[in-house]
Every structure is written in structure tokens, then in C-alpha cells.
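Trainee:
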Amino acid sequence: MTSSAADRSAAPAGQPAGSDAPQDPRSPGDARAAWTGAGIVAGLFGVALSWCAAAMLQVADNPVAAVAEQTVRLLPGPVAEFGIDLLGTADKPVFVVLILLVLVALCGWLGRLRRHGWIGPLTGFVVLAAVGGAAVVAQDGGWRPLVPVGAGLLGWIGALEVLSDPLRRTPVRRRGFLVAAGVLAVGAAALAVSGRLITGRRQVEEARRLLHLDGVTVPEVPTGVDPSAPVPWLTPAEEFYRIDTAFSPPAIDPDAWRLRVHGLVDRPVELSLADLMARELTEAWVTLSCVSNSVGGDLVGNAWWSGVRIATLLAELGVRPDADAVLQTSEDGWTCLTPLGALTDERNALLAVAMNGEPLSIEHGFPVRMVVPGLYGYVSATKWLVELEVTRFSDAEGYWTSRGWSAHGPVKLTSRIDVPASGETVPAGEVHLAGTAWQQHTGVEGVEVQVDGGGWQPADLALEPTVDSWVQWRLAVDLEPGEHRVAVRAISRTGDVQTGVERDVVPDGATGWHTVTFQVE
Ligand SMILES: Nc1nc2c(c(=O)[nH]1)N[C@H]1C(S)=C(S)[C@@H](COP(=O)(O)O)O[C@H]1N2
Ligand SMILES: [Mo]
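Heads up: the sequence shown is residues 499 to 1019, going by this note's numbering.
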């Protein structure tokens, strides 16, 4: 007990060891506590590492849970029943916690043994890992579940090595030890949280896969849109731009999901997904775009949305006359404030459950999000929606509005050149120009193209099946070899001509003509 470097340093000159000075940070008792602490921190780190590895490898059970499960199986029937009786449905988690406590206590003891060398703790770790390994194999079979066990074992050894180094120095490096212990503890917590997030997400993905949404139809690309357009009419979910403040997208269990609608309404409600699906479903092509999209940018996508019209719901709930806005809140706390008018007029403002004929992906708001044609996403398109509060602009503020963006966010008239790209080289002769244009809820009447600063020429438009979707345009022009510059502008169905004045995205969306420069050879 007194042979280690830590203990030698525990009796500095002039202070008798074992005197009544237990507060001395370098006393023997304190050294023992430090070694125990090292064992415990290393133990937690290894367990967290194995848990996270199990989650990443999609192994059904992590080693601790597997040991719990197998122990319950090995218990004599009456004992197990007694436990289940006593603890009810909490029996499993309680048992896992018990095993964790025993494990951590054992690791603390192995940490103390480390003072005398590696043989004791190594033997102990290997025995514990063997127990875990036996349990996961009994549970799952195969070699895969052994990987997390191995990772945990290496985690134990590595962490204990890192922690023993400062304790074995003369004098003991207290600071070094505390810093290492702190870093490993934070690392263990981060691993445990990631493991939880990964498993949570997997469970929700499975629930999403099994979810059947009655009445949702697969999109049929309308005849009349351009099948050979450089940017396809329908944007698949995986390619749809994604903008949110979520560090990792919330994984919401669709069975547990509720939408609370309250505020300035006569009859507040709380809806489950089943309640929502019992209502009439509306499906529509709607283009969604972001206020942060720069001129010519690609923060825009077009999808077939299925959902419930928010206007009908609000009408049933009886909106008070003094209301002029709806505050939307997401599961992750993000908010936006939407003009009430955009949610109650004839447009298809939807509580969307499906995108392109499938339940929303987790990234795009599963299980329910808002889609409001004509407004930028930051004031209208809340993903992972959980709450709607009918309110007033004078009483509430949304996430981005409180950070300098405009309170109202109507989509501006926009057009884009998709081919040729700037810097591209194309063969001389007939050059094919093509792109997209949009102003949701208003609609695009025409698109004009300007070549090398000349006059504006009308482009051919494909079908725009609804004013809420984008429209594809194309134009073939004869061009001589050399450098050329092409600009585009749209004309809205209300007769507005897209402005050439260049403005930045802040506070309410960029303006200016998209221009490309390319070589003809
Ligand atoms: N919960 C939540 N919803 C959100 C956001 C967010 O940060 N959090 N961003 C909004 C913005 S700015 C846009 S442009 C759209 C983008 O939706 P998408 O990621 O499905 O394309 O979502 C909106 N909904
Ligand atoms: Mo956005």
C-alpha cells in the first residue's frame, strides 16, 4: 500500500504520514480516492464507448443491457417474477442501473489495484469483458456484437493508462490527473448522448418505415413540364436543400407526437397524428425556397406535398378577430411567426405529413411540418412542428425575425439559369439556355433572356401546373465563338418585372438578375 510513487509523495518532508491531516490533498486516503476515481472514470468511459459502438454498429443490445437480460433469464423463475412484480415495467431499466452500479464499483476497485501494476486491473477488465461478451453472443449470436465489447475493453485500458500516469509521478500531478479525468468524463457523457441519439433515431426511422399514411398518393409528374430539363421538375427528398438550426434533427416517435393549437381561438385542441390523418387530405405541388438563397443559388426545391389544410382547421377552432399571426414552434424549440392571412386564405397552406408520396424524412420534418406557398421557409415552413399559437405580430417574434430578418417574408420574383454554367465551354452554333423561375402564390407569366447586353428575348415556358410551383424555361440562341454573357429575368402573373437592382439576402431576400458568362468554341 505504501510502495507506489503516489504514496511516497503523500508524506512530504516534515509531515509524518498517517498523522491527523486527512485534508492534506496528498494524504494516503486521498491517493486511494484518486486511484478509485481513476478506475470509475475509466469504467464509465469504456461502458459509454461500448454503448456508442453498439448503437453505431446497429447491434441490438449493448453489453450492459445484454448482461442484464441474460442475468434475468438465469434467475430462478420465482425470483424474476418477484422482481417484475415489485418493479413492474421498470424492471429492465432498474436492472441495467444495478448492473452499471456493480460494474462501476468493480472498476473503482480495479483502479485501486492499478497502483501495484497492470496485472490486477487487466485480469479484472478481461474477466468483465468476457462476461459481457458471453452475454451479447448468447443474445445475438455472430461476432458483430463482440466489437463493442472489445471497444469497451480498450477504452477501459486506455483511459486507466491515461489517468494513472499523473498519479504515478513524483510528486503526483494533481492538475494533470483532474484535467484528464474531466476530459474523459465529458467524453464518456458525449459518447453516451451520441449512443442515445443514434438509437433514438433508428427507432424513429423504423416507425417511419412502418407508417402507412392513408390517402397519400405517389406524385405523377404533370404532362407539360419539361422531362429533359437540366434541373428535374420534382426534387427528390435526398436532394432537397436542407436548412435548420438543429444540431441533430429531432427524432420524434409518431405515436407520441401531438400538435397543440391554442392562443386566440375559441376552441383550442391537441391533435395526434391519427386525428390529423382522420381529416381531409390535400395534395399539391409546392416549391419551397429559402430567404438566404443568393441570386442563382439552389436553396429551392419543388415537391408533391400531402397534408391537411390549416385554413379549415383554424376555421373550426374559431379564430378571434384581433389575431393577425400564428406562432409555430418546433420540437427543437425553433419558432417562426406567420401572417394569419396566408394560413386562412384560399392557398394550400398545409400541415404536411408526406413529401413526394412518402412520410416526411426525419431531416425534412417528420412527422409533421408546415408548408405555406408564397412565403420563405423562415417565416412559414416549421419542421418537427408541435405547437401553433394564434397570436398578434405585436405580441410575438420568430427565431430569425428576432435576429434581424424581416417579420414578413413573401417570396420575391426569381429566375435562374441552370445551363450553361458560368465558366463552361459550349460548342458554337445553337446554344441551349435553360433554367427555372418562381414566385409561389403569384405565379410566373414569362421569362426573358438577355444575351451580351442586347434586347430581352422571351424564352419558352413549360407548364406551370400551379402558381405555387416553379416553372421551367428554355431558349436556343445562335452564338459566335468567344465569351458570352447571359442574364435572365421573370415577369409575374401580376405583371411585375423582376428587378435588376442587386440586394443581399438580409433582411428579406436577395434581388438582381442571375447572369452567367461562358465560352463558345
Ligand atoms: N424546426 C425548424 N424548422 C425550420 C427551420 C429550422 O431551423 N428549424 N428552418 C426553416 C427554413 S429557414 C427553411 S428555408 C425551411 C427549409 O426546409 P427544408 O430543410 O425541408 O428544405 O425550413 C424552415 N423550417
Ligand atoms: Mo430559410
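Ideal placement from N, C-alpha and C gives every residue a C-beta, glycine not left out.
1. Bridge partners for Ile915 per DSSP, in chain order?
2. Can you list, in chain order, the residues of its chain with a C-beta nearer than 6 Å to that of His614? Leave out the 5 residues immediately preceding and following it.
3. On a CA-only basis, which of Ala974, Leu911, Ser920 is nearest Ile989? Give me that one, please.
4. Which residue marks the beginning of the beta strand (DSSP E) containing Ile989, and which one marks its end?
5. Helix, strand or coil for Asp958, going by three-state DSSP, please let me know.
6. Within 10 angstroms of its Cβ, does Leu841 collect 16 or more other Cβ (buried), or is it exposed?
7. For the beta strand (DSSP E) containing Pro837, name the first residue and the last one.
8. Check whether the Cβ atoms of Pro561 and Val647 sit closer than 8 Å, and answer yes or no.
9. Does Ser913 pass the burial test, meaning 16 or more other C-beta atoms within 10 Å, or should it be called exposed?
10. Assign Ala919 to buried or exposed, taking buried as 16 or more other Cβ atoms, counted over all protein chains shown, within 10 Å of its Cβ.
11. CA-CA distance, Asp1002 and Gln556?
12. Check whether the Cβ atoms of Leu934 and Thr992 sit closer than 8 Å, and answer yes or no.
13. What do you reckon, are the CB atoms on Leu732 and Asn791 nearer than 8 Å?
14. Using a Cβ-Cβ distance under 8 Å, would Arg706 count as near chain D?
15. Since Pro857 contacts Leu711 with CB under 8 Å, what's their CB separation in whole angstroms?
16. Residue range of the alpha helix (DSSP H) that Phe675 falls in?
17. Are there any heavy atoms of ligand 1 lying less than 7 Å away from the beta-carbon of Gly875, as far as the coordinates show?
18. Where Pro526 and Cys605 are concerned, what is the direct C-alpha to C-alpha distance, given to the nearest angstrom?
19. According to DSSP, is Arg807 helix, strand or coil?
20. Answer yes or no: the CB of Cys788 versus the heavy atoms of ligand 2, is any distance below 7 Å?
21. Which runs of the alpha helix (DSSP H) at least 4 residues long sit entirely within the stretch 825-909? Give them in chain order.
22. Please return the same chain residues whose Cβ sits closer than 8 Å to the Cβ of Leu709, not counting the five positions on each side in sequence.
23. Check for me: the beta strand (DSSP E) holding Trp971 runs from which residue to which?
24. Check the C-beta distance from Tyr876 over to Gly907 and give it rounded, since I have them as a contact under 8 Å.
25. Quick check on this structure: which residue in Gln637, Val869, Arg667, Val545 has the alpha carbon closest to the alpha carbon of Leu883?
26. Check whether the Cβ of Ile597 lies closer than 7 Å to any heavy atom of ligand 2, and answer yes or no.
27. Do Thr880 and ligand 1 come close, with the Cβ less than 7 Å from some heavy atom?
28. Taking DSSP as the reference, what is the three-state secondary structure of Gln948?
29. Considering only the alpha carbon of each residue, which of Leu665, Leu547, Thr836, Ile696 lies closest to Phe891?
30. Considering Trp783, what are the terminal residues of the beta strand (DSSP E) in which it resides?
31. State buried or exposed for Ile915, treating a residue as buried only when at least 16 other CB atoms are found within 10 Å of its CB.
32. Can you tell me which residues form a DSSP beta bridge with Arg756?
33. Give every residue of the same chain whose Cβ lies closer than 6 Å to the Cβ of Phe738, excluding the five residues on either side of it in the sequence, and list them in chain order.
34. For Phe543, count neighbouring Cβ atoms within 10 angstroms of its own Cβ and tell me buried if that reaches 16, exposed if not.
35. Excluding the five sequence neighbours on either side, which residues of its own chain have a C-beta within less than 7 Å of the C-beta of Thr1009, listed in chain order?
36. Determine the direct distance from the alpha carbon of Arg972 to that of Thr923, and round the result to whole angstroms.
Mentor: Reading from the atomic positions:
1. Partner(s): Gly933.
2. The beta carbon of His614 is closer than 6 Å to none in its chain, skipping five residues each way along the sequence.
3. The shortest Cα separation from Ile989 among Ala974, Leu911, Ser920 belongs to Leu911.
4. For Ile989, the enclosing beta strand (DSSP E) has its first and last residue at 980-990.
5. Three-state DSSP puts Asp958 in a strand.
6. Around the CB of Leu841, 16 or more other CB atoms lie within 10 Å, so the residue is classed as buried.
7. Per DSSP, Pro837 belongs to the beta strand (DSSP E) from 833-837.
8. It is a contact, given that the beta carbons lie within the stated cut-off.
9. Within a 10 Å sphere around the beta-carbon of Ser913 sit 16 or more other beta-carbons, which makes this residue buried.
10. In the assembly as shown, Ala919 is an exposed residue. Its beta-carbon has fewer than 16 other beta-carbons within 10 Å.
11. Rounded to whole angstroms, the gap between the alpha carbons of Asp1002 and Gln556 is 45 Å.
12. The sequence shown places Thr at residue 934, rather than the Leu named in the question. Judged by beta-carbon spacing, Thr992 lies beyond the 8 Å limit of Thr934, meaning their Cβ atoms are not closer than that value.
13. Contact: no.
14. No chain D is present in this structure, which holds just one protein chain.
15. That pair is a contact at about 6 Å.
16. That run of the alpha helix (DSSP H) goes 672-708.
17. Indeed, a heavy atom of ligand 1 lies less than 7 Å from the Cβ.
18. A direct Cα-to-Cα measurement between Pro526 and Cys605 gives close to 20 Å.
19. If DSSP states are grouped into helix, strand and coil, Arg807 belongs with the strands.
20. Yes; taking the cut-off as 7 Å, the Cβ of Cys788 has a heavy atom of ligand 2 nearer than that.
21. Fully enclosed alpha helix (DSSP H) runs of 4 or longer: 838-842.
22. If you ignore the 5 residues before and after Leu709, its C-beta comes within less than 8 Å of the C-beta of Pro752, Pro857, Pro865, all in its own chain and listed in chain order.
23. Run containing Trp971: 969-977, per the beta strand (DSSP E) assignment.
24. About 6 Å; that satisfies the 8 Å criterion.
25. Leu883 has its Cα closest to that of Val869, out of Gln637, Val869, Arg667, Val545.
26. Checking the Cβ of Ile597 against ligand 2 gives no.
27. The closest heavy atom of ligand 1 lies less than 7 Å from the beta carbon of Thr880.
28. In this structure, Gln948 counts as strand in the three-state DSSP scheme.
29. Ranking the options by Cα distance to Phe891, first place goes to Thr836.
30. Here the beta strand (DSSP E) through Trp783 covers 780-787.
31. Flag for Ile915 reads buried.
32. Arg756 pairs with Ser770.
33. For Phe738, where only same-chain residues beyond five positions count, the Cβ hits under 6 Å are Gly799.
34. In the assembly as shown, Phe543 is a buried residue. Its beta-carbon has 16 or more other beta-carbons within 10 Å.
35. Here the set comprises Lys910, Thr997, Val999, Glu1000, Arg1001.
36. The straight-line gap from Cα to Cα measures roughly 18 Å.
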